[in-house]
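Engineer:
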Amino acid sequence: MRTLVGTCVIAIGCGSGSSTPDASRNDSLQLDADIDGNAIDAPDANTGSGVRVGGTAFGIRAPVEVTLTVDSASHRMIVTEDGAFRFPRKFLSGTYSVTETSADCVIENGTGTLTGSEVTNVSLICRGVVELGSIAFAPNVVRLATTFDPGAPLTYTATRPFFADATDTITVTPTALYPALASLAINAAPASSGQPSVQPYNAQTPVALAYGSAFANIYTFATTPEVSFEAYVKASDTAMQAGFGSGQSTACMGATNKNGNGVALSGDTLVVGSPCINVRAGAAYVYRRTGTTWAFEAKLTPTVADMNDLFGTSVAIDGDSIVVGAFGEASSNGTATDNAAPNAGAAYVFTRSGTAWSQQAYLKATNIDAADRFGTSVAIAGDTVIVGAPGESSSGTGINGTANNTASAAGAAYIFTRSGTTWSQQAYVKASNTGANDAFGTAVAIASNTAVVGAPNEDGATGDDGAVYVFVRNGTTWSQQGYLKASNAGASDTFGTSVAVDGNLLIGGAPGEDGNGSLAENDSGAAYVFTRNGTTWTEDAMLFANTRVQSGGFGQAVAIDRTHAVVGSRLAGNGIIQAYRRSATAWDTIRFRNAPNMDVAGLDEFGSSVAADGDTFAAGAFKEDSNATNVGGNGADNSATDSGAVYVFR
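Per the numbering used here, the very first residue in the sequence shown carries number 533; after that it's consecutive.
(1) In the DSSP assignment, find the unbroken alpha helix (DSSP H) run with residue 812 in it and report its ends.
(2) Please name the residue, chosen from 1022, 1014, 1120, 1099, that lies closest to residue 1141 on a Cα-to-Cα basis.
(3) What residue range does the beta strand (DSSP E) around residue 609 cover?
(4) What residues in its chain sit with their C-beta under 6 Å from that of residue 481, if we drop five residues either side in the sequence?
(5) Between the Cα of residue 1146 and those of 1166, 1157, 1092, spot the shortest distance and give me the residue it belongs to.
(6) Would you kindly report the start and end of the unbroken beta strand (DSSP E) that includes residue 489?
(7) Since residue 611 and residue 598 should fall inside the 8 Å C-beta cutoff, what is the C-beta to C-beta distance between them, to a whole number of angstroms?
(8) I'd like to check one pair, residue 845 with residue 805: are the Cβ atoms closer than 8 Å?
(9) Whole angstroms are fine: how far does the CA of residue 772 sit from the CA of residue 1108?
(10) Taking the Cβ atom as the reference point for each residue, do residue 907 and residue 857 lie within a distance shorter than 8 Å?
(11) In the DSSP assignment, find the beta strand (DSSP E) that holds residue 1006 and state where it starts and stops.
(12) Pop quiz: residue 1158 and residue 1165 are said to be a contact at Cβ under 8 Å. What is the actual Cβ separation, rounded to whole angstroms?
(13) Per DSSP, which residues does residue 983 bridge with? Please list them.
(14) Going by DSSP in three states, residue 597 sits in which element: helix, strand or coil?
(15) Quickly, what does DSSP pair residue 857 with across the bridge? List them, please.
(16) May I have the straight-line CA-CA distance separating residue 692 from residue 1063, to the nearest angstrom?
(17) By the three-class DSSP mapping on this structure, what secondary structure does residue 1052 have?
(18) Quick check on residue 831: does DSSP put it in helix, strand or coil?
(19) Nearest by alpha-carbon distance to residue 988: which of 1111, 1182, 1067, 922 is it?
(20) Pair every Cβ in the segment 923-938 with every Cβ in the segment 882-890, then say whether three or more of these pairs are closer than 8 Å.
(21) Opposite residue 1180 in the DSSP bridges: which residues?
(22) On the premise that residue 1000 lies in contact with residue 1016, defined as a C-beta separation below 8 Å, what is that separation, rounded to the nearest angstrom?
(23) What residue does the beta strand (DSSP E) around residue 958 start on, and which one ends it?
(24) One question on the structure: do residue 1043 and residue 1028 come within less than 8 Å of each other, judged by their Cβ atoms?
(25) Which value, in whole angstroms, describes the spacing of the CA atoms of residue 1171 and residue 955?
(26) Have a look at residue 1136 and residue 1127 and give me their C-alpha separation to the nearest angstrom.
(27) What are the uninterrupted segments assigned as beta strand (DSSP E) that are 3 or more residues long and contained completely in the segment 1041-1129, given in chain order?
(28) Output needed for residue 821: all residues of its chain with C-beta closer than 7 Å, excluding positions within five of it in sequence on either side, in chain order.
(29) Taking the alpha-carbon of residue 1154 as reference, which of 949, 762, 774 has the nearest alpha-carbon?
(30) Could you check where the beta strand (DSSP E) with residue 617 kicks off and where it finishes?
(31) Using a beta-carbon distance below 8 Å, is residue 765 in contact with chain D?
(32) Taking buried to mean at least 16 other C-beta atoms within 10 Å of its own C-beta, is residue 811 buried or exposed?
(33) Going by beta-carbon coordinates alone, are residue 1051 and residue 1082 separated by less than 8 Å?
(34) Mark residue 613 as exposed unless 16 or more other C-beta atoms lie within 10 angstroms of its C-beta, in which case mark it buried.
See the structure below:
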């Protein structure tokens, strides 16, 4: 119970001659007066027979006069603080009413008939100063001292759920003229773990604000978007069926590449692959942010480019270095001088000086073969690059093992390191349980000395359910640390289609996961988060789309940054991005959203690729149809079929 000292506004009980509250009478100044208002000492509340009338006061800022009328007799009292109050006189029977005269207060449950039991449910509600607690919808809400004003909004300041320390405002609007006060515990529906399971973009949600267990009232709150849409990005030379932002370029190369690796972010730089442009020679586009404004910086193409190279199949960036995969590149000799090995693949490293980008390296596997699709996936961390080649066919296992062609499409990954400006292969990476058609290398990720490789067709007990492999480096030596399977692995789940890693957190997508097994949830998809403790990896969470849709492909693309994860679902409606925050006990859905210029009829496949860095994330929609160019433009035009777009949020 707290005592609030306020300006005296009531004639009775104020001034230098006021009576002092008696501690035995709940610290309120209790007076009993006849109908003419002549105050007299109240009788001892603990003697005599009968029952008393009382209740609870909220929001008291200054003494408030309250009147109890029983039958025709009135009894007055001054309430000076929040908490329980009661009129001291006892009554054997009668009809009662409690009133007050302050314009700042109201009485609830103030009338009734005395039945032999004491009355304790009268509420005196005033516009007071209350400490507002954390609203459950938004994590890290700042606790504010706010003046409670019936009919007026309540405002909170909240930390952004997505990757940032920036703040947003939450406004709570009462739905009734005189709702009860907010308590220290504010509960949002349908919150079970501190946040609603999913809320539509900029949604409004009912919130129950209660003082203790009583007087719950419903408010509606609306948030400014925790993540604001920042940029609508197109190629500088937009073209039909370019696959801009793909990671899943069915527009020009069938269903052979599905790794969600078509966009990448590092600080204020965005890189986007467009493998189908220029007669499938491909390109990658670089954009840079100044403040909140994004601008086109460069179009990257290799020094030697050929049709069908599919340069831009995959992209990755770290600081001023970009790596671009081109799984259609056909050189057989490592010098880009012939086309004797179709779809052998290559990867290219570009570096920036100022605003100028130049090619620094042309990477090829040491065991080049046609159809290896080297460059299907790429990742970079500092001076280390990893490249996936899911078509590689050696039956070797482990690090730097046998390179033969006896296990078709088993897959491999290759790790390169930079010394100065020179790149060299450091490791030829195979699974510990290599099998034909596993497609090991479909997805790769790297963070410091940890590399992750996805093998979506790896055969478990149920058949091609998929697996994810973890490798660690000690000095210059790599070894396998983990072989990860989904806890609910099922046939054709394709776990490992997409992967991402950050420190001791790893996420892998399984777009073929079937939910409850019904036709309605067939291939609806899932994503799985794993955590590392020492050298042991353990599944931490199983993530699903808010609405499971047949062939939704949730998990087609994944990204992770510190304690946040983003998952793309390219076919759920028109595609969605769903984001999560890791709490103390679970991964909570924070937000899901569609593309701002969503074209349902066009099936843009928003979410076919995703990337995250710091307080920014990006999502590709490789079938978006606008003919706009660069940043901004008219996204409503649909005259450039499947040209593709990328959306940046912050």
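Virtual Cβ for every residue (Gly too), placed ideally from N, Cα, C. Predicted model only: the values in this text are computed from it and were never measured.
Structural biologist: Quick answer:
(1) 809-812
(2) 1099
(3) 605-611
(4) Summary: the structure shown does not reach residue 481, with the chain confined to residues 533 through 1182, and so no result is reported for it.
(5) 1092
(6) Since the first and last residues shown for the chain are 533 and 1182, residue 489 lies out of range.
(7) 6 Å
(8) yes
(9) 23 Å
(10) yes
(11) 999-1006
(12) 7 Å
(13) 978, 1003
(14) strand
(15) 846, 879
(16) Any reading at residue 692 is ruled out, since the residue's pLDDT is 37, under 50, leaving its predicted position unreliable.
(17) helix
(18) strand
(19) 922
(20) no
(21) 763, 1150
(22) 4 Å
(23) 954-961
(24) no
(25) 43 Å
(26) 9 Å
(27) 1058-1065, 1068-1075, 1086-1093, 1096-1101, 1108-1114, 1119-1125
(28) 800
(29) 774
(30) 615-618
(31) Included in the structure is just one protein chain, with no chain D present.
(32) exposed
(33) yes
(34) buried
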